[in-house]
């Protein structure tokens, strides 16, 4: 593991400022309910008082929710949503398929949970808040749209809903400034390029898969079937987007596993080996809570060990 970005983060905390000429970005992978593990990770960073020392945070799909709550210093609340508010039929229900409705109800998650039950306080004045970047997929151009200018919490939640709108599983398509968009994870399941484009010199990447799950097949039979289905349901553009989705993930993972590229240093923290099997649509409260807990402990352990080292100069 390239630990330099983490060490730089700890050095910033020790110095009490970010005046080192570097840009540290936090990148969160998507993955539906698997995002609960990432929620546990960012909760640990928040516990350690490190949120203020990131320059930017980047998330797409389920990673968008974790990114937003972390940016607002509400990681524990955001993580609890998975195992307190999303385990009932209000959010995930396969019976909706009989009525030609999406399996996941993103409107319930955003308009009910994030507005009322676990309210997100993005409007709160906070001079140390890192820049939040959420990713959408431009369907026609088949590329990412990065949104980082939010006029209000309401505006942020509207963008978040679009970023998390997985085709077929959720509503799938939205209109953003007269551009048809869909789930950011279609072209940026790992929003690494968003961080690089923001000027990041150091990246901390939190994944939603274990180390032995990183071998990624670029093209599979399932990928072709998915692409065909989505193109029939939403239009021809979705065929190419769905077929290239794994390519984008593979390319990002190669850069991450190499510890960086082009002078950008990357710390990659995969899931703890103790993480239970959580899938995109898992509703088991016990599994979700455990996944959050073991990965929260993972981060605390890594930071504790690093804090014992001497690293006065890291540039």
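In our numbering, the protein residues as written are 11 to 325. Each residue gets a CB set at the ideal place from its N, CA and C atoms; glycine is no exception. Because the structure is a prediction, the values reported are computed rather than measured.
Exposure of residue 199, with buried meaning 16 or more beta-carbon neighbours within 10 Å: buried
Span separating the alpha-carbon of residue 313 from that of residue 80: The alpha-carbon atoms of residue 313 and residue 80 are separated by roughly 17 angstroms.
Residue range of the alpha helix (DSSP H) that includes residue 165: 163-173
Test item: CB-CB of residue 37 and residue 239 under 9 angstroms: no
Beta-carbon separation (whole angstroms), residue 326 vs residue 77, contact threshold 8 angstroms: Nothing about residue 326 can be read from this structure; the chain reaches only from 11 to 325.
N- and C-terminal bounds of the alpha helix (DSSP H) containing residue 67: Where residue 67 is concerned, there is no enclosing alpha helix (DSSP H), although the beta strand (DSSP E) it sits in stretches over 66-69.
Exposure of residue 85, with buried meaning 16 or more beta-carbon neighbours within 10 Å: buried
Contact the segment 180-194 vs the segment 50-63: 3+ CB pairs below 8 angstroms: no
Under the three-state DSSP convention, the category residue 141 falls into: strand
Proximal residues to residue 308 (C-beta, below 6 angstroms), its chain only, five neighbours per side dropped: 282
For residue 114: DSSP bridge partner residues: 102
Under 9 angstroms between C-beta atoms of residue 155 and residue 202: no
Exposure label - residue 231; buried when at least 16 CB within 10 Å: exposed
Through-space distance from residue 157 to residue 247, alpha-carbon basis: Using only the alpha carbons, I get a separation of about 22 angstroms.
Sequence-distant residues of the same chain with beta carbon closer than 8 angstroms to residue 150, five excluded per side: For residue 150, same chain residues with a beta-carbon under 8 angstroms away, outside a window of 5 residues either side, are 189, 190, 247 in chain order.
Assumed close pair residue 101, residue 115 - CB separation to whole angstroms, cut-off 8 angstroms: 6 angstroms
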